[in-house]
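Shown next, in structure tokens, is the structure this report addresses.
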Amino acid sequence: MKKPAEKNTNVESSQEQPTTYGATAKYIPYSPYKLRPIADVVRGKGVEYALQWLTTYRTRRVQSIKKVLESAVANAKNRNNIEPSALVIEKICVDQGPIQKYFKPGAQGRAQIQRRRLCHISVTLQTKS
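Every number in our numbering is 3 more than the matching position in the sequence shown, counting from 1.
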């Protein structure tokens with residue numbers, strides 16, 4: 004008869020895994036094509052550096068990324084009382100949302116279809132290891 008395999012009940016292995024915290028904002032009224040270059044700059048950086056950089060960047064659309072990042076930091080602080088200096092941006096995604104179509108009057112009585120693009124932003128933070 005085979006001996007049943009022993010389970011590895013090592014408590015330390017569960018504590019070594021870094022914890023992740025996240026936040027999501029949906030239906031942001033900016034095109035994802037305009038927000039992705041901003042998200043690429045802060046991806047992989049520390050949270051304090053990213054918040055400082057987003058504060059000094061002079062574009063209105065930066066505020067939506069900054070708000071989602073601040074929400075993820077607040078989630079980390081609320082769940083495990085972790086300071087922003089101990090967090091790194093693991094993943095930041097700017098995904099395509101729905102496209103709102105509407106008509107604008109065109110030349111000679113025609114109508115032109117206009118597209119208003121929306122996006123979804125999701126941020127995942129990880130503790131520094």
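Every residue, glycine too, gets a C-beta built ideally from N, C-alpha and C.
Check, Outcome
"Which listed residue (Thr27, Ala53, Ser67) has its alpha carbon closest to that of Lys37", "Ser67"
"For Pro35 and Glu93, the rounded distance between their alpha carbons", "19 Å"
"Sub-8 Å separation of Val91 and Ile124 beta-carbons", "no"
"Three-pair Cβ contact test at 8 Å for the region 22-30 versus the region 60-80", "yes"
"Supposed contact pair Leu121 and Gln103 - C-beta distance, whole angstroms, cut 8 Å", "7 Å"
"Beta-bridge pairing of Asp98 - partner residues as DSSP gives them", "His123"
"For Thr62, three-class secondary structure by DSSP", "coil"
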